[in-house]
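Colleague: Note that the UniProt record's numbering gives residue 52 to position 52 of the sequence shown, counting from 1, and the numbers run on in steps of one. Glycine residues also receive a C-beta, built at the ideal position from the N, C-alpha and C atoms.
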Amino acid sequence: MKMVKDNISRQVTFSKLRIGLIKKANELSILCIAQIAIIVFSIGGKPFSFGNLSMEYVAERFPY
Numbered sequence: 001m002k003m004v005k006d007n008i009s010r011q012v013t014f015s016k017l018r019i020g021l022i023k024k025a026n027e028l029s030i031l032c033i034a035q036i037a038i039i040v041f042s043i044g045g046k047p048f049s050f051g052n053l054s055m056e057y058v059a060e061r062f063p064y
């Protein structure tokens with residue numbers, strides 16, 4: 001695996017992989033009754049989040 005050098009291709013790859021990650025996280029939470037919280041930052045610093053928990057709950061439970 002290596003870094004995608006072209007900025008446009010990198011953004012497209014990020015979007016596709018982010019969507020796939022969220023789908024897998026959702027599947028895991030449903031099938032295994034798992035508590036999940038994900039925060040992903042794009043190269044531009046824009047945050048994307050997914051979770052069946054509130055971010056406030058996660059921040060209180062895992063303050064690191």
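Rounded to the nearest angstrom, what separates Met1 and Ala25 at their Cα positions?
Modeller: Each residue's Cα considered, the two are about 22 angstroms apart.
Colleague: Between Gln35 and the rest of its own chain, which residues show a CB-CB distance below 7 angstroms, the 5 nearest in sequence each way excluded?
Modeller: Around Gln35: Asn52 and Leu53.
Colleague: Under DSSP, the beta strand (DSSP E) around Ala37 begins and ends at which residues?
Modeller: Its beta strand (DSSP E) spans residues Ala37 to Phe41.
Colleague: Starting from the N-terminal side, write out each stretch of the beta strand (DSSP E) that is 3 residues or longer and does not extend beyond the UniProt domain "MADS-box" (1 to 54).
Modeller: Taking only runs of at least 3 residues, the beta strand (DSSP E) segments lying wholly in the UniProt domain "MADS-box" (1 to 54) are 37 to 41 and 47 to 51.
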